[in-house]
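Trainee: Please see the structure below; I have some questions.
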Amino acid sequence: MIDTGHSESPRRVVLTGGLGFIGTKMVDRLIDSHEIFVVDNLHPQVHQDRRRVDELPERVTFLEGDVADPSNMQAVAAFRPHVVVHLAAETGTGQSLLQSRRHAEVNVTGTATLLDALAGADALPERLVIPSSRAIYGEGVWTLASDENVSAHGLPRDPTRLANGEWLPTGPDGEELGSPLPNNAARSEPRPANVYAATKLAQENVARAWCIGLGVPLSLLRLQNVYGAGQATGNPYTGVLTFMAKQALAGEQINVYEGGGIIRDFVNVADVADALTQAALDRTQDSLTVDIGSGDAKPLEEVARLLSELAGAPEPRLSNDFRAGDVRAAYADIDAAGHALGFSPKVGLRDGLRELLSWVGSEVSK
Ligand SMILES: NC(=O)c1ccc[n+]([C@@H]2O[C@H](COP(=O)([O-])OP(=O)(O)OC[C@H]3O[C@@H](n4cnc5c(N)ncnc54)[C@H](O)[C@@H]3O)[C@@H](O)[C@H]2O)c1
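For reference, each letter of the sequence shown is one residue, going 0 to 365 in numbering that gives the first Met the number 0.
Pasting the structure below:
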């Protein structure tokens, strides 16, 4: 269990995007002992109705609006938060290639608008927490096929090669790569391969520079693929397991892209909300950048098989479909998060998928 600060005097916490998948779980964790202000624009891709507003505990102050609108961020600053957790974001990987302006406006300008409002009102928080993304690493670091003791960053994959079913990235000089190494904030260089990732990296850079300049501790948690109950079931752009769970529950064959060999690290939303809450309540003066995941590298085929088995659906179909902007492999080295935040994921994949299926089932039957 995380210490949710019961023994301390209540602190004021702002959650931008607090009605989202991860944000609502943070509200649950903080509501008993903190004053909470949620700002959220009820993005229509995420919210088909106003249910999440109706479900907010009465004690939460709620403002409906966009983070890129200065007047909304002035209201945030007027709350004089001790901690700001900035979750609101445009999050579509493939979508960001078609809506780069919108992703930049929300993820970069929105962040700058928040920071200007805080600085302008002389309302610097004691800590800023931002959930960043493993997407910033792009293809990440791999061993070379010729020598597993030598590693190199994978080059972005060319869409023409993907169309030919050539899935693996190559090394900087065209070298054949062997196995992917875990994303590690201390060792892996950010090399975004889609616009969402680029805007999340820009968000990190803007926030870091602001925090250094004004002496505000910053916690950047780079999240792997978060899954679990509460993710929007109607959003076709994010949440691969939610999408697959819908397919399996409909008795369909899950279509697994790239021949099933994509590697991901699926971390349950409960573990992620614990990590972010721990970061929000951190009273040290240290800034940190850590990776959050289960720490397990899972081929998508294996996860799809497990989902199908649990749902009683037919075996998945491995296809040569692919999605522009996706990377071949990503998983986290979670040691640093363990040291800094006591992070240790609790929810196993089988249990997490069971819970996901049950939640998706109840949502689609509504
Ligand atoms: N879910 C994941 O797998 C994952 C992985 C890596 C990083 N993240 C990051 O975690 C954060 C939260 O993601 P989530 O999974 O809860 O997403 P989500 O889409 O469920 O929640 C985001 C919330 O922000 C709100 N929002 C979107 N644009 C807004 C705007 N312009 N102004 C105000 N509110 C806005 C939405 O209405 C929604 O309630 C994001 O910053 C995302 O980049 C998520």
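Note that beta-carbon positions come from the ideal geometry of N, C-alpha and C, so glycine has one too.
In this text, all values refer to a predicted model and were calculated from it rather than measured experimentally.
Taking C-beta to C-beta, are Thr169 and Leu180 nearer than 8 angstroms?
Mentor: As a position in the sequence shown, residue 169 is number 170, starting the count at 1. As a position in the sequence shown, residue 180 is number 181, starting the count at 1. Cβ distance not < 8 angstroms, so Thr169 and Leu180 don't count as in contact.
Trainee: Are the beta-carbon atoms belonging to Gly351 and Tyr226 less than 8 angstroms from one another?
Mentor: On the sequence shown, position 352 is the one that residue 351 refers to. On the sequence shown, position 227 is the one that residue 226 refers to. In this structure, Gly351 sits near Tyr226, with a CB-CB distance shorter than 8 angstroms.
Trainee: Give the straight-line distance between the Cα atoms of Arg156 and Leu167, rounded to the nearest whole angstrom.
Mentor: Indexing the sequence shown from 1 puts residue 156 at position 157. Indexing the sequence shown from 1 puts residue 167 at position 168. If I take the Cα positions, the gap works out to 8 angstroms.
Trainee: Could you check how far apart the C-beta atoms of Val59 and Val26 are, in whole angstroms? I think they sit under 8 angstroms.
Mentor: Within the sequence shown, the letter at position 60 stands for residue 59. Within the sequence shown, the letter at position 27 stands for residue 26. Right, the Cβ-Cβ distance comes to about 6 angstroms (below 8 angstroms), so this counts as a contact.
Trainee: Note down the Cα distance separating Leu123 from Phe78, rounded to an integer number of angstroms.
Mentor: Taking the first residue of the sequence shown as 1, we reach residue 123 at position 124. Taking the first residue of the sequence shown as 1, we reach residue 78 at position 79. In a straight line, the C-alpha of Leu123 is about 11 angstroms away from that of Phe78.
Trainee: Start and end of the alpha helix (DSSP H) containing Asp53?
Mentor: The residue labelled residue 53 in the question sits at position 54 within the sequence shown. Asp53 -> alpha helix (DSSP H) spans Arg50 to Glu54.
Trainee: Given Arg353, which residues of its chain have a CB within under 7 angstroms of its CB, disregarding the five upstream and five downstream residues?
Mentor: For the purposes of this step, residue 353 is taken as residue 354 along the sequence shown, with counting starting at 1. Excluding residues up to 5 positions away in sequence, Leu309 lie with their Cβ nearer than 7 angstroms to the Cβ of Arg353 in the same chain.
Trainee: In or out: Ile211 buried (at least 16 other Cβ within 10 Å) or exposed?
Mentor: Working through the sequence shown from its first residue, we reach residue 211 at position 212. Exposed: under 16 other Cβ atoms inside 10 Å.
Trainee: Quick check on the burial criterion: 16 or more other C-beta atoms within 10 angstroms. Buried or exposed for Lys245?
Mentor: For the purposes of this step, residue 245 is identified with residue 246 of the sequence shown, where counting begins at 1. When all chains shown are included, Lys245 counts as buried.
Trainee: Kindly give me the distance between the Cβ atoms of Ala87 and Thr15, rounded to whole angstroms, as I take these residues to be in contact under 8 angstroms.
Mentor: For the purposes of this step, residue 87 is taken as residue 88 along the sequence shown, with counting starting at 1. For the purposes of this step, residue 15 is taken as residue 16 along the sequence shown, with counting starting at 1. Contact holds; Cβ gap of about 4 angstroms.
Trainee: Would you please state the rounded distance, in angstroms, between the beta carbons of Asn224 and Val205? I believe it to be under 8 angstroms.
Mentor: Along the sequence shown, read from residue 1 onward, the residue named residue 224 stands at position 225. Along the sequence shown, read from residue 1 onward, the residue named residue 205 stands at position 206. About 24 angstroms separates the two Cβ atoms, so there is no contact after all.
Trainee: By the three-class DSSP mapping on this structure, what secondary structure does Trp373 have?
Mentor: Here the chain covers residues 0 to 365 and nothing more, so residue 373 does not appear.
Trainee: Between Arg328 and Ile262, which are expected to be in contact by the criterion C-beta below 8 angstroms, what is the C-beta distance as a whole number of angstroms?
Mentor: Here residue 328 is taken as the residue at index 329 of the sequence shown, counted from 1. Here residue 262 is taken as the residue at index 263 of the sequence shown, counted from 1. Reading off the sequence shown, one finds Ala at residue 328, where the question assumed Arg. Going by Cβ atoms, the distance from Ala328 to Ile262 rounds to 4 angstroms, so yes, they are a contact pair.
Trainee: Between Ser307, Asp325, Gly260 and Leu29, which has its C-alpha nearest Ala296's C-alpha?
Mentor: As a first step, residue 296 must be located in the sequence shown, where it is residue number 297. Checked all of Ser307, Asp325, Gly260 and Leu29; the closest Cα to Ala296 is Gly260.
Trainee: Shortest alpha-carbon distance to Leu356 belongs to which of Ser95, Leu305, Asp325 and Val271?
Mentor: As a first step, residue 356 is located in the sequence shown; it is residue number 357 there, counting from the start. Ranking the options by Cα distance to Leu356, first place goes to Leu305.
Trainee: Buried or exposed: Asn163, going by 16 or more other Cβ atoms within 10 Å of its Cβ?
Mentor: Reading the sequence shown from its first residue, position 164 is the one you call residue 163. Of the residues assessed, Asn163 falls on the exposed side of the cut-off, its CB having fewer than 16 other CB atoms within 10 angstroms.
Trainee: Are the CB atoms of Val266 and Ser293 within a distance shorter than 8 angstroms?
Mentor: Indexing the sequence shown from 1 puts residue 293 at position 294. Indexing the sequence shown from 1 puts residue 266 at position 267. It is a contact, given that the beta carbons lie within the stated cut-off.
Trainee: Taking 7 angstroms as the cut-off, does the CB of Asn224 come closer than this to any heavy atom belonging to ligand 2?
Mentor: The ligand content of the structure shown is limited to ligand 1, which means ligand 2 is not among them.
Trainee: What does the alpha-carbon distance come out to for the pair Ser6 and Ala272?
Mentor: The count along the sequence shown starts at 1 and reaches residue 6 at position 7. The count along the sequence shown starts at 1 and reaches residue 272 at position 273. Only weak support exists for where Ser6 lies, its pLDDT of 48 falling under 50; the value from the coordinates is given anyway. Roughly 20 angstroms separates the two Cα atoms.
Trainee: Per DSSP, Pro179 is paired with what?
Mentor: Stepping through the sequence shown from its first residue, residue 179 is reached at position 180. Its beta-bridge partners are Trp141.
Trainee: Do Arg28 and Thr283 have their C-beta atoms closer together than 8 angstroms?
Mentor: Counted from its first residue, the sequence shown places residue 28 at position 29. Counted from its first residue, the sequence shown places residue 283 at position 284. Contact flag unset, no.
Trainee: Quick one: what's Asp290 bridged to in DSSP?
Mentor: As a working note, residue 290 is residue 291 in the sequence shown. The beta-bridge partner set that DSSP reports for Asp290 consists of Arg221.
Trainee: How should Ala331 be labelled, buried or exposed, when 16 other C-beta atoms within 10 angstroms of its C-beta is the threshold for buried?
Mentor: In the sequence shown, the residue the question calls residue 331 occupies position 332. With 16 or more Cβ atoms within 10 Å of its Cβ, Ala331 is classed as buried.
Trainee: Determine the burial state of Val363: buried for a count of at least 16 other Cβ atoms within 10 Å of its Cβ, exposed for fewer.
Mentor: By one-based count along the sequence shown, residue 363 stands at place 364. It is exposed - the Cβ of Val363 has fewer than 16 other Cβ atoms within 10 Å.
Trainee: Quick check: Arg133 and Asn193, are their CB atoms within less than 8 angstroms of each other?
Mentor: Within the sequence shown, numbered from 1, the residue matching residue 133 stands at position 134. Within the sequence shown, numbered from 1, the residue matching residue 193 stands at position 194. Not in contact: Arg133 and Asn193 (Cβ atoms no closer than 8 angstroms).
Trainee: Got a sec: does ligand 1 put a non-hydrogen atom nearer than 7 angstroms to the Cβ of Leu86?
Mentor: In the sequence shown, residue 86 corresponds to position 87, counting from 1. Within the cutoff, so yes.
Trainee: Cα separation between Gly214 and Pro313?
Mentor: Within the sequence shown, the letter at position 215 stands for residue 214. Within the sequence shown, the letter at position 314 stands for residue 313. Between Gly214 and Pro313, the C-alpha separation is close to 55 angstroms.
Trainee: Hey, which unbroken runs of the beta strand (DSSP E) at 3 residues or more fall wholly within the region 33-96?
Mentor: 34-39, 60-63 and 82-85
Trainee: Our contact map puts Gly17 next to Val37 with C-beta atoms below 8 angstroms; I'd like the distance itself, whole angstroms only.
Mentor: Numbered from 1 along the sequence shown, position 18 holds the residue referred to as residue 17. Numbered from 1 along the sequence shown, position 38 holds the residue referred to as residue 37. Rounded, the Cβ-Cβ distance is 3 angstroms, consistent with contact.
Trainee: Could you give the residue range of the beta strand (DSSP E) that holds Ala228?
Mentor: Position 229 of the sequence shown, counted from the start, is the residue given in the question as residue 228. Premise fails: Ala228 is in no beta strand (DSSP E) and is neither H nor E.
Trainee: Report yes if the C-beta distance between Asp281 and Arg50 is below 8 angstroms; otherwise report no.
Mentor: Counting from 1 along the sequence shown, the entry for residue 281 is found at position 282. Counting from 1 along the sequence shown, the entry for residue 50 is found at position 51. No, these two residues do not count as a Cβ contact at 8 angstroms.
Trainee: Note the first and the last residue of the continuous alpha helix (DSSP H) segment covering Phe265.
Mentor: Looking up residue 265 in the sequence shown gives position 266. First-last for Phe265: Phe265 to Asn267, but that is the beta strand (DSSP E), not the alpha helix (DSSP H).
Trainee: Where does Arg190 sit, in a helix, a strand or coil, going by DSSP?
Mentor: Taking the first residue of the sequence shown as position 1, residue 190 is located at position 191. Coil, per DSSP.
Trainee: Helix, strand or coil: how does DSSP classify Glu301 here?
Mentor: Within the sequence shown, residue 301 is the residue found at index 302, counting from 1. In this structure, Glu301 counts as helix in the three-state DSSP scheme.
Trainee: I need the straight-line Cα distance from Val83 to Val13, nearest angstrom please.
Mentor: Translated into the one-based positions of the sequence shown, residue 83 becomes position 84. Translated into the one-based positions of the sequence shown, residue 13 becomes position 14. The straight-line gap from Cα to Cα measures roughly 5 angstroms.
Trainee: Can you give me the Cβ contacts of Gly258 inside the same chain, cut-off strictly under 6 angstroms, excluding the 5 residues immediately before and after it?
Mentor: Residue numbering aside, residue 258 sits at position 259 when the sequence shown is read from its first letter. Cβ neighbours of Gly258 beyond the five flanking positions: Leu317.
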